[in-house]
Amino acid sequence: MTLDADIKETLAEELDDIALELAMPSQEPANTTEIAADMQLFQHLHSETARLADTAEMYEFEELTHLAIWVLKNISALKTQPTRLEQQHEQGHYYAWIELVATLLREEETDTQAALLTELNTNLQQSTWSIAIDNALVQHLFTRLSSAPLSDAFIASLSTPSATSDTDSDVDSDVDCNVDKASYHLAWDEDIHPELLNAFFIETPDLVTETTALMRAIATGNADQAIHQKAARLAHTIKGSSAVVGIKAIANFAHKLEDILEHSVESTLPPTAAECLIESADCLEAMFDSLQTRTTPPPQYPALLEQLDDWDKKIKTGEITKILETTEIAPSIVTVSNTPQPVEAEQHPTLTWDEDIHPELLAAYLSETPEHIQQISKQLRAISNDNDSAQHNKATYQQIAILAHTLKGSSATVGISAFVDIAAPLEAIFETEFETAKDQATQNTFSKTQQDLLNATANLLESLHKSLLSNKTYPNNYASLLSQLTAWQTQQEEENKEPIIEKTIEKSAEELTEEPAEEPVTKPIEKQDPISTPSITTLDTAATKEKPKKQRKKTPFKLPPMRAIQSVFIPPKVTQPAPIQTINLNETTLRVPVSLIEKLLNFSNELITSNTQLTEYVQTLLNDKRTMYQRNEHIRNLIDELEWTVSRQSTLHTQQTPPNEFDALEMDNYNALHGITNLLAETTNDEREASLALIKQFNVLKDHVIAQQKINKALNTNVLAMRMEPVTLITPRLERIVRETCRETHKKVNFSIIGDNLALDTDVLKGLLDPLLHLLRNAIDHGIEAPEIRQQHNKSATGNITLQFNQQGDHVLLSLKDDGAGIDAEAIYQKAIKKGLIKADAPLSEDEKLQLIVHAGLSTRKTVSKISGRGVGMDVVNTAINDLSGSLRINSKKGVGTEIQLHVPLTLVVVNVLLVKLANHMLAIPSSAIHQIYYLEENSIQRKQEKKQEQCFIHFEDNDIPLLSLSTLLDWPLTPFNNEVSQPIVIVKHHKMQYAFYFDQVINFQEIVLKTLKPWMTKIQGVNGVCLLQDGVVAPILNLAELLADIPAHAFHIQTATKLTKTAKTTTNKRILVVDDSLSNRKALSLTIEPLGYEVSTAIDGADAITQLEKTTFGLIITDLEMPTMNGLQLSEYIREQTDIQHIPIVMVTSRSTEKHRTLAKKAGVNDYLTKPVNKTTLKTCIEKFISNDNTENTTPNAASTNTN
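Yeah, the sequence shown ends on 1324 if you go by my numbering, and it's all consecutive.
Structure representation (structure tokens):
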């Protein structure tokens, strides 16, 4: 890049400032101890020179960047020799050359530039430098600084790099790779400053992670030039920071990586160098992990450092160019063969990793390898199963080659040679197919034998991985398949007779003869790079000297175009192009333990609960304020009446008094009563205005609470999303179990998965894996018939199994279908009778017989194999699904097939439930279990006599469905049903049946946080967990499917429906209305009645009571006799005249105890008469005469007896 005049001036100013900073320590006396001063000088020189390198890099002045790095190496080399470092600094060793460069940037005269360049050359070539400078770097720098081309004479006058003087032989260079590679340790300098060390450990982990990710992308060919440049820059940063804190091993390693990565920016790396990069990335991560954990360093470091050193030397000497030419043109002289030799059965390579492998490196290998094997196997099977359609292009072959190469490299890193030996010929085969496909008009086709071999290889790779994880022996066909792959590779090499040398020359000639973009003279580095592309003359000479042998060429590691890279990841045979998932290598990622996410989720859930409680409290306050406002309006009306009455009385009094000086028209006369009345009216009006202002403030508070609630829900949603994982994570295991079971049973199956892009909670996904694996084994072993049997029944020899995931609200429906023989329901029924699971005379429907299969120990299989037949499978599946708060449903038709449906929630954390009240206890029913809430009119119950038992039904959707009480399922005392009032009924579907449940009160739907029961608590039948409500009440969350599945439907109907009774003189309505004009009396009665288990509402007089009766249904009314506006007698007479409320019992509580008052009350319709004061026992006895209260006290239902503590 050419620097314009302004940039040169700005850079020159920066250099002057750095040079001044570097010179300052020699001009200031040390004010600390001698050791501290020496260390201070080293750190100062190192930091300022590093700043120089960063500045040059920012201006894209590459030559100056490399020069600054060279100076940094010399400073680091003298770290242990502070006296010599100080002497060189006093001589201007480290800043004089910077001043010269700054002057050259400003100078325009050619002659002056030549003199300055000569002086700069002398400065840089001094023998006092610990590490000699590379003459090529000097030449590139001078070319960049000079405004005119350098003459040949001047270039020849440049000194060659001088050897290090004898006095420098004892320099302990941080960047010298010739260290004892057999033994090394990872440690920083003991005298390093703590803050500097802390900064190193804060910055470097992210740098190492990002660098290794880029290196792997480069090694696999999935990188552009920008990624190469960034990787080199990051390696440089790691090298510098490691050298500063004295970690020589990492600095040495990063230094060599930097050189190789810098070379890869503009040039091609051989395949072996790319493999070395992958291994080096693993080693660099392992080194830093060992450094942080103070554990044993990775043992592969010395060997890898030696390899990197060799490649670095080959780059500097230009030998790498010859390697590329040899690899590209004359593969016959390549000494390292990529063709593995056949392996004898008794000489298997290792199927285990090295004992001294780093644990985190092994964990990374075991994490990424399953995906590689899955992708390779998928592509191999696609080719094997669809060869005739000619749909496979070069991208498919290239993808397999890349994946096999990656598998080979990663397996070699951890020492698992079994995968290496299989992947090597596979990579070679598809490299050849890729090269052949590039130059052919038609697509490649494979023979039937080759197709079978590819399919067997896919199975072998999966079996090898499974054996690796389970410490099992090799598959029996390992040696045979390896021998066949090797023979195929050898055959390809012999048959590949295409003269590739001419095409290579033509391609190179075309690339080199393209007219390049104009380049300024000041940037000749690319032209003089010793590893640049060979000239056409060289290629022509090589071509004329030697013709290539009839051998497959080994393709060097090259960067394919970005379009080609993207096409590798597009799966074949797609009707629409799928979106390509790209990884942002620049984005910083963070590993978070699952336990921390769980804590964060718990805090988020508690925040939602707290916010909901706050919302309820605010709403309660608003309701109270509205009530207060209504009371104020009532008081205001009374005051208006009072003012009118006072005014009237005053007028009458005036007429009766003697005449005064003024008459009534000339002046109003006021007395003390007027003043008090007016003051009362004004005070009431002020209080009313204050109440309105308070209501406005409460409304604002409510808006803020609602806004906070939205934020909390968004937070909770995002935290929950962290736990969601796609179903595709388990699809490889599902597909593998199908293939393995087919091999063991000698059956053929087409297995398809629909909707596997759905995301589930990680616990739900893990909980589904084992049940699905068992169901798939059952579907193949029990369901799918043998090929010959299927053909006898006019079926295809290949069976079909479909697994479909379908989201339904906050639940997922999994449907597993097969077209096999189906399930013999009658055989299951007879087996259940034989095992004593049911009685022989128990009449069951076909559907109920099928559901018996989930009982433990029930199997219709006559023989036991390692796949099935022991009768423990479906019981375990059913238990696992129940643990996920789900349900299992089986549908089957003999000879046609079977469908098993699993209904599970998306997440096990947040559940939408319906809150109901039963027997004075709060219960939560998941909304997914509810079909509909139906409002039942009064007196609409139908009664039928079945088997000498009376059953109750309701008419719903043109069907009569049974009306049940949930109390029976929970083993609670039965709650009678009140048929005389309208009330909501909950409709539930279970299998093919519908049920109607009644409750004391249906409250509302609410999203709650599910709290699982503690492991030491006994599992409660029909309870999935508990939830904490807004008022602090703990409510059990019911599993209706589990409750309804325990008993047959017909027995369940008789057991519950016959006990439903019609209320005559008593009611189950626990709401009581207390009517009294005295606040003290209303409060005293409420405090007495509420502890008895009743809900109490209050009214200030008869008119207020009528208003409340229009809104709410009450089971009992307790009223005073004497009240304003409407007294107790008037209220009673009004109630008895209204047909809809005349049945409500009325109890009068008054201080009047005469027989006259009792007679008036009885005529008005009062049921009972009590005189004040009334004690608790008398009041309780009176209430219980009119309200049935069997479950009010001392009742602790089993399902509600839960505790989260």
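All C-beta atoms in this analysis are idealised placements derived from N, C-alpha and C, irrespective of residue type, glycine included. For clarity, every value in this text was computed on a predicted model and none was experimentally measured.
- Task: Counting only the same chain and skipping the five closest in sequence on each side, list residues whose C-beta sits under 6 Å from that of Met-993.
- Result: Ile-972, Val-973
- Query: Over what stretch of residues does the alpha helix (DSSP H) that includes Ser-1011 continue unbroken?
  - Reply: Unbroken run through Ser-1011 is the beta strand (DSSP E), 1006-1012; no alpha helix (DSSP H).
- Would you say Thr-728 and Leu-1147 are within 7 Å of each other, going by their C-beta atoms? yes
- Message: On the DSSP letters alone, give me the boundaries of the alpha helix (DSSP H) that Val-1035 sits inside.
- Response: It is not in any alpha helix (DSSP H) - Val-1035 instead sits in the beta strand (DSSP E) that spans 1029-1037.
- On the three-state DSSP scale, how would you describe Lys-1063? strand
- Taking the Cβ atom as the reference point for each residue, do Glu-394 and Gly-528 lie within a distance shorter than 7 Å? yes
- Query: Excluding the five sequence neighbours on either side, which residues of its own chain have a C-beta within less than 6 Å of the C-beta of Val-991, listed in chain order?
  - Reply: Below a pLDDT of 50, predicted positions are generally treated as unreliable, and Val-991, at 48, falls in that range; the measurement from the model is reported next regardless. The answer is none, since no qualifying residue turns up.
- Between Asn-578 and the rest of its own chain, which residues show a CB-CB distance below 7 Å, the 5 nearest in sequence each way excluded? Arg-858
- Query: Cα-Cα, which of Thr-734, Gly-874, Glu-854 is closest to Leu-820?
  - Reply: Thr-734
- Query: Under the DSSP definition of a beta bridge, which residues are partnered with Gly-918?
  - Reply: Val-868
- Check Tyr-593 in the structure and name its three-state DSSP category. coil
- Cα-Cα separation, Pro-906 to Ile-519: 32 Å
- Per-residue burial, Thr-184 [other beta carbons within 10 Å of its own, 16 or more giving buried]: buried
- Task: Could you spell out where the beta strand (DSSP E) holding Ala-234 opens and where it closes?
- Result: Premise fails: Ala-234 lies in the alpha helix (DSSP H), 229-243, not in any beta strand (DSSP E).
- Query: Between the beta-carbon of Val-364 and the beta-carbon of Leu-316, is there less than 7 Å?
  - Reply: yes
- Query: If we count Cβ pairs, one from each stretch, closer than 8 Å, do we get three or more for the region 1274-1290 versus the region 1215-1223?
  - Reply: no
- Task: Confirm, please, whether the CB-CB distance from His-930 to His-1022 is below 7 Å.
- Result: yes
- Task: Report buried or exposed for Leu-588, applying the criterion of at least 16 other Cβ atoms within 10 angstroms of its Cβ.
- Result: exposed
- Message: Using CA atoms only, rank isn't needed, just tell me which of Asn-1001, Ser-1084, Thr-471, Ala-940 is closest to Gln-910.
- Response: Ala-940
- Message: Does Thr-129 come out as helix, strand or coil in the three-state DSSP assignment?
- Response: helix
- Item | Expected contact under 8 Å - CB spacing of Ala-405 and Leu-480 to nearest Å | 5 Å
- Near Lys-74, what residues of its chain come up, given a Cβ to Cβ distance below 7 Å and the 5 sequence neighbours on each side ignored? Since the first residue shown for the chain is 120 and the last is 1324, residue 74 is missing from the structure and cannot be characterised.
- Item | Where Met-1267 falls, given that 16 or more other Cβ within 10 Å makes a residue buried | buried
- Item | Whole-Å CB distance - Val-868 paired with Ile-899, under 8 Å assumed | 6 Å
- Task: Name, in chain order, the residues that DSSP records as bridge partners for Val-1268.
- Result: Leu-1289
- Task: In the DSSP assignment, find the alpha helix (DSSP H) that holds Asp-325 and state where it starts and stops.
- Result: 313-338
- Run the CB neighbour count on Asp-1195, radius 10 Å, all protein chains shown included, and call it buried at 16 or more, exposed below. buried
- Message: Assuming contact is defined by CB atoms lying nearer than 7 Å, are Leu-380 and Cys-402 in contact in what I supplied?
- Response: no
- Message: I'd like to check one pair, Ile-1019 with Val-1105: are the Cβ atoms closer than 7 Å?
- Response: no
- With DSSP collapsed to three states, give me the class of Leu-1129. coil
- Message: Given this structure, state the Cα-to-Cα distance separating Val-1004 from Asp-880, to the nearest angstrom.
- Response: According to the sequence shown, residue 1004 is Ser rather than Val. Cα to Cα, the separation comes out at about 13 Å.
- Message: Suppose the cutoff is 7 Å on Cβ atoms and the five residues either side in sequence are ignored; what does the same chain contact list for Asn-242 look like?
- Response: Ala-215, Trp-216, Leu-219
- Task: Along the beta strand (DSSP E) that carries Lys-936, what are the first and last residues, could you check?
- Result: 930-937
- Message: Going by the DSSP bridge assignment, what does Met-1112 pair with across the sheet?
- Response: His-1109
- Task: Could you check what DSSP says for Ala-1218 in three-state terms: helix, strand or coil?
- Result: strand
- Task: Starting from the N-terminal side, write out each stretch of the beta strand (DSSP E) that is 3 residues or longer and does not extend beyond the region 843-911.
- Result: 843-845, 868-873, 878-880
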